[in-house]
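As they're listed, the protein sequences go chains X and V. All residue numbers for the first sequence refer to this note's numbering, where the first residue is 1 and numbers rise by one. All residue numbers for the second sequence refer to this note's numbering, where the first residue is 1 and numbers rise by one. Notes to accompany the following structure.
2 protein chains.
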Amino acid sequence: MDKGRKITINDVARLSGVSKGTVDRVLHNRGEVSKESRDRVLRVIDELGYRPNIYASLLASRRQHKIICVIPEYMPGEFWELTERGLVKGGEYAADYGIEVKTVKYDQYDLESFQQACSRTLEERPSGVIIAPLFRTETFRFVSELKSRGIVYMYIDSKLEDDSYLAYFGMPMYQSGYLCADLLTDGRKVRKVHVIRIARDKKGLSDPTVTRRAGFMDYMSEHYPETEIENVFIDPKDASAVRSGLDRLFSEEPDPHKYLVMFNSRVHLVADYLREHGIVTCRVVGFDVLERNLTALKDGFVQLLIGQHADSRTEDAVVAMTEWLLLHKPIARKDNYTQMDILNRYNCDYYLQQ
Amino acid sequence: MDKGRKITINDVARLSGVSKGTVDRVLHNRGEVSKESRDRVLRVIDELGYRPNIYASLLASRRQHKIICVIPEYMPGEFWELTERGLVKGGEYAADYGIEVKTVKYDQYDLESFQQACSRTLEERPSGVIIAPLFRTETFRFVSELKSRGIVYMYIDSKLEDDSYLAYFGMPMYQSGYLCADLLTDGRKVRKVHVIRIARDKKGLSDPTVTRRAGFMDYMSEHYPETEIENVFIDPKDASAVRSGLDRLFSEEPDPHKYLVMFNSRVHLVADYLREHGIVTCRVVGFDVLERNLTALKDGFVQLLIGQHADSRTEDAVVAMTEWLLLHKPIARKDNYTQMDILNRYNCDYYLQQ
DNA sequence: AAATTTTCCGTGACCGTTCACGGAAATATG
DNA sequence: CATATTTCCGTGAACGGTCACGGAAAATTT
């Protein structure tokens, strides 16, 4: 394909008997071209295998793009920090192309704050939006507004069922629960499993871990229908409530050899309890590669973590959107289910440095 | 940093009282600039926070770069196919920058063919070389030749101990063996483990799986010193020899509940035997995500695979070298140990589509 | 048929670099 | 001091696109 000189827009223009202005109009669907010319140009482009020089294009183009990413605010070390880290990396990439990437955050427990985030986003007049849709109804409203304004958008983490989104990057939630059950039971017949859950009032919140739990339950009933599954609810915001919840669990049930699982990223809460009480007899499986979870993994209080490279996932989203905005490069795959990484103490060290 | 208009080379020129030509000379250390001018320009660049526009730069620059990748030739479905797939993807990226990426292949069992590959590579006059160094001594000779010609190079898959390489992308071999042992034994006391190995005459060949085996053995002697480890040698090129080798194994040892492991990518050979004989009682762990290994995994003849995304690894190498050649962007990390992915039948589906 | 509108297209300035070329000034040489 | 050489620097034409502008030709209206 690389036969000496590069093929330029002028080559295309000459061979199709028009000017480069017309070729440019065809390339960008800017109209004002007769069907005949258009077809001729298209054919020549195809024959020559012409590919525009993106540098020349970027250099000459005066457009300014902005990508806004709408995610929940977080405390250091929490799950969403990973997401934003990927955003920053993607932002560096985009900056090379003169694209600005900004984050707009909202309180994931406060609908109004999400609405404010949405309107702030619109004020920024972005070319594209990347959104983690925790509030279903409100997100629907938001994306239809985006659509009407011609702003493209992508989902990360979880997605809604509309089909105007450009792409989705996230974990296959159901399968992650299924996998989790397989890893927890590990081929052994287990009498009882404890699911540690977070008690929260959820009005209008779409909780992705619901799907994950469904996958888990299905695996269990398919493979071990006789295993008892007990829910333990704790309040993550109240350390003493966590402790008392687990205290009750460990005092009521004499068997120290428990199977514990958590479907959100807070398995370190359980690990901390185990560490405090010197309990090393449990099999614990959790999700997401947070610093604190990793420590628990290395120290043996958590046996396995299921990771998803939340950072490179958002980075991928930013990159994909950048290329879409700039080069109109088609999105390779609309639904991108990230791989589920199984981490134990022997392979986790090589996970973060990717 | 983005205060309205971008700062251009003309701004720098004006403020330091020289022409853009001089600024350009300073920027690229092309000499022919007096010390005073140079200092002045440098200071203005610093004050203004000037960053060259890479598009304009790339557009105007007439240099032609070529990257050659030297890897073993392979049959469809073999390990090195993955590597080349990443090369192709990286090549598409590089093509956007006007960089050509070519592969030069050699017979990994034939030293002479490797030497030929090396000289063919030199003939191409590449700017950079990416090499999978299976022949130690000869590779040393080759890279020192590259060095003397000012050609940069990177290692993939495994690396040698010189320190002029620009970067290395590969799996942590020792740790992968360690991990493998942990996965194979799975917390259970195992009486005996069978290591299926390939019999080959290796003259001057540096076999990376040696290191992997060392990691495996160390884990075993640290955790299960009493476990017996037996080597079974087979010849992968001779199907009947594979069969007879495994026949002997399964006839001599009555216990059908065996623990089998293979350190190269050919665990599918074992799986095929098991499938043929309907043996589903073994625990089998292997390496690398080949199509045939995946099938074996899904069908339950292999329990776990350790993967390394060999494709995106080479892609990373090409991308890193592209950015190095073009923008002199420093290599983020010299030694890039790819993560070790643990695959079972429940998460392998999401692995390939990355 | 003249006037108006629409459709379609070519032209050329511009984006921010790179680099060959040529020349002025400074320095060295005879 | 004249000449040759070196040092240093400015100039301007690319590079391959984008896009505003203006105008010719065709279609429509009056």
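No residue lacks a Cβ here, since even glycine has one placed at the ideal position from N, Cα and C.
Here L304(X) is near L343(X), since their CB atoms are less than 8 Å apart.
Taking the Cα of C282(X) as reference, the smallest distance to any Cα among R292(X), D288(X), V289(X), V267(X) is reached at V267(X).
Y337(V) reaches chain X at D349, Y350, Q353, counting residues in chain order whose Cβ is nearer than 9 Å. Counting along the chain, the unbroken alpha helix (DSSP H) around H223(X) starts and ends at 209-223. With fewer than 16 other CB atoms across the displayed protein chains lying within 10 angstroms of its CB, A60(V) is exposed. Judged by DSSP secondary structure, E138(V) falls outside any beta strand (DSSP E) and instead within the alpha helix (DSSP H) spanning 136-148. In the DSSP assignment, F79(V) falls within the alpha helix (DSSP H) that extends over 79-96.
CA-CA distance, G300(V) to K189(V), rounds to 22 Å.
Nearest CB-CB separation between M340(V) and chain X: below the 8 Å threshold. Rounded to whole angstroms, the separation of the alpha carbons of S221(X) and H223(V) is 35 Å.
In chain order, L59 make up the part of chain V whose C-beta sits under 7 Å from the C-beta of A56(X).
Not a single C-beta of chain V is nearer than 8 Å to the C-beta of P208(X).
At a beta-carbon threshold of 8 Å, the residues of chain X lying near D182(V) are N344, Y346, ordered along the chain.
Membership of K102(X) in the beta strand (DSSP E) is indicated by the continuous run 99-106. The beta-carbon of D96(X) is placed less than 8 Å from the nearest beta-carbon of chain V. Between F140(X) and L166(X), the CB-CB gap reaches or exceeds 8 Å. Boundaries around E112(X) are those of the alpha helix (DSSP H), 111-123, since no beta strand (DSSP E) includes it. Within its own chain, the residues whose Cβ lies closer than 8 Å to the Cβ of P72(X), once the five positions on either side in sequence are excluded, are W80, K105, Y106, D107, Q108, A132, L134, listed in chain order. Judged by beta-carbon spacing, E36(V) lies beyond the 8 Å limit of R25(V), meaning their Cβ atoms are not closer than that value. Distances from the CA of Y219(X) to each of V195(X), C180(X), E228(X) were compared; the closest alpha carbon is that of C180(X).
With 16 or more other CB atoms across the displayed protein chains lying within 10 angstroms of its CB, Q339(X) is buried. Under the 8 Å Cβ criterion, the stretch 244-262 of chain V does not count as touching the stretch 309-325 of chain V, having fewer than three qualifying pairs. Below the 9 Å Cβ cutoff, chain V contributes no neighbours of P330(X), its closest Cβ being approximately 14 Å away. The straight-line gap separating the alpha-carbon atoms of L326(V) and L58(V) is approximately 8 Å.
In this structure, E123(V) sits away from K102(V), with a CB-CB distance that is not shorter than 8 Å.
Chain X has no Cβ within less than 8 Å of the Cβ of P256(V). Taking 8 Å as the cut-off, the Cβ atoms of I54(V) and G128(V) do not count as close.
Looking at the DSSP output, L260(X) bridges to H194(X), V284(X). Taking the beta carbon of P172(X) as reference, the chain V residues within 7 Å of it are Y350, listed in sequence order. DSSP places A167(X) within a strand segment (E or B) once states are collapsed to three. Burial check for N231(V): the Cβ neighbour count within 10 Å stays below 16, so the residue is exposed. Between V284(V) and I229(V), the beta carbon gap of about 15 Å keeps them out of contact (Cβ cut-off 8 Å). With 16 or more other Cβ atoms from the protein chains shown falling within 10 Å of its own Cβ, V44(V) counts as buried.
Among the CB atoms of chain V, one or more fall inside 8 Å of the CB of L179(X).
For V88(V) and Y97(V), the gap between their C-alpha atoms comes out near 14 Å. Per the coordinates, the alpha-carbon of S176(X) lies some 8 Å from the alpha-carbon of I306(X).
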